[in-house]
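Each residue of the sequence shown is one higher than the one before, starting from 85 at the first, in our numbering.
We put the CB at the ideal spot given by N, CA and C, even for glycine.
Report on the following structure.
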Amino acid sequence: MKADIRVALVGNPNTGKSSLFNILTGLNQKIGNFPGVTVDKKIGYTQLPDGRRAEVIDLPGTYSLYPKSQDESIVFSVLADRANPSTPNLVVVILDATNLKRNLLLYTQVADLKIPVIIALNMMDLADKAGIKIDISLLVKKLGVPVIPICARKGDGIEKLKSAISFANNIALQQDTIDVATIAPQLIAQIGKEIETENHYFALQLAHQHENITFLTQAQSDRIESLELEHSFHSQTAQAAETIARYNFINDLLYDTVHLPDTAHEETFSNKIDHVLTHKIFGFAIFLGILLFIFQSIFAWSAYPMDLIESLFVWAEDVLRGTLPEGPLTSLLIDGVLAGLSGVLVFIPQIAILFVFISILEDTGYMARVTFMMYKLMRKVGLSGNSVVPLIGGFACAVPSIMGTRTIENWKDRMITIM
């Protein structure tokens, strides 16, 4: 059944985006790949209050529309390429209510692409617990978009969000958050004429990313390149100017709409833990201790299910040998198929336990601390700090570890990690 509206979920990593996707779609979802890449494409469907059926796309988490990995490059491609089959009619930007300053940067970029936007203000329960007061009505007035407070973990506010999605056609396009045209006025104007777009921010993004954008023709990319040389355009300088302007807008917005508790300046318990976990001596000792515990647990806990699987295959082999007549087909079934399955399935407990531990470490945020802590050490051997997670996963199975290297920003570092 064809969907009536396509909705994309966009947000920073660890903002509850996947939790929202799961609660919206339930079991009515499927996973594939975006064309030409190995990045997972998660699509689900949800029923709206007005009876329409919405297709929901869970885009990879990103901090900005300036990609630093293959996952992040997908976000801009889907949002900007109007010919892309995954391009949404509406974007739901998920913001962490406890960290609005960082999260709002991505919102301002998406809003400036002139796609209808709804803000899902997630983790409101944690914000309330931390004493953070958000004037949602004033936030709506200043941004000009619907802002729906939710708690994806508990399911709070989901029906209100669905109702807001139902009125997507009635949502007016938000105003520009910053005056993008002032960054490179002549270049933006000329790119706009070449590509036939009136969106200044889209034109600026083409100037930054034209070499990696697949929906541009080679002639268009070459023309943009020549225009950049003609106007002495420096991508990093322009990006820095844009980021500063966006944070000036965000700071003014938060000053009016968010009230932090008087104790906000005090060091939090989480920060105190960070000082220990990322310490140049104790941090490594803790990391090695955790690794020792994980691998000792893997070998100790997996012994029983591995023995059980092995004994089941031995039993199945005995049953088949006693039931089937001798011959090449029996030999193929027992010595080929059964033995092959046994050799693979017997390692599933080890792999499963390892990935449970890795998931726990990632969900608690410890893996991000490890990446930060290991960066300098890994650089000495020509690797990225992000290589730590795939290397650890490689002890169990190389395939998911190779897939995990797509989060490594540099292509050379990615290849070295894989090898």
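Contact between the stretch 310-322 and the stretch 287-298 is present: 3 or more CB-CB pairs across the two stretches fall below 8 Å.
Assigned with DSSP and collapsed to three states, Lys238 falls in coil, not helix or strand. Comparing C-alpha distances from Lys213 to each of Gln289, Leu190, Thr182, Tyr388 shows the shortest one belongs to Thr182.
Per DSSP, Gly406 is one residue of the alpha helix (DSSP H) stretching across 387-407. The shortest C-alpha to C-alpha distance from Ser386 to any of Ser102, Ser316, Leu338, Leu429 is the one to Leu429.
Of the other Cβ atoms in all chains shown, fewer than 16 fall within 10 Å of the Cβ of Thr321; this residue is therefore exposed. If the five residues before and after Ala252 are omitted, its C-beta is found closer than 7 Å to the C-beta atoms of Ile89, Asn173, Leu174, Pro200, all from its own chain and listed in chain order. When beta bridges are read from the DSSP output, Asp142 appears opposite Leu93, Lys126. Within the stretch 323-387, there are no complete beta strand (DSSP E) runs of at least 3 residues. In the three-state reduction of the DSSP assignment, Val177 falls in the strand class. With respect to Ile242, Leu143 sits apart: the two C-beta atoms are not nearer than 9 Å.
Between Phe317 and Ala164, the C-beta spacing is not below 9 Å.
Cβ contact annotation for Ser250 (same chain, cutoff 6 Å, sequence separation greater than five): Leu132, Pro133, Asp134, in chain order.
With respect to Arg307, Glu278 sits close: the two C-beta atoms are nearer than 9 Å. Distance from Thr146 to Phe333 at the Cβ level is roughly 19 Å; contact not present, criterion being Cβ atoms closer than 8 Å. Distance from the CA atom of Gly110 to the CA atom of Gly128, rounded to whole angstroms, is 8 Å. Scanning the stretch 182-249 from its first residue to its last, the whole alpha helix (DSSP H) runs of 4-plus residues come out as 184-196, 208-213, 220-227. DSSP lists no bridge partner for Gln274. A straight-line Cα-Cα distance of about 6 Å links Gly469 and Phe456. Annotation: Ala329 to Ile262 spans about 7 Å, alpha carbon to alpha carbon.
Taking the CA atoms as reference points, Ser161 sits about 11 Å from Asp155. Look at Arg137 here: in three-state DSSP terms it is strand. Taking one beta carbon from each stretch, the stretch 370-386 and the stretch 423-439 have 3 or more pairs nearer than 8 Å; the two touch. Rounded to whole angstroms, the Cβ separation of Thr130 and Asn187 is 23 Å, and the two are not in contact under 8 Å.
Closest in alpha carbon position to Asp447, among Lys86, Ser103, Leu416, is Ser103. Pairing Ser395 with Ile476, the inter-Cα distance amounts to about 29 Å.
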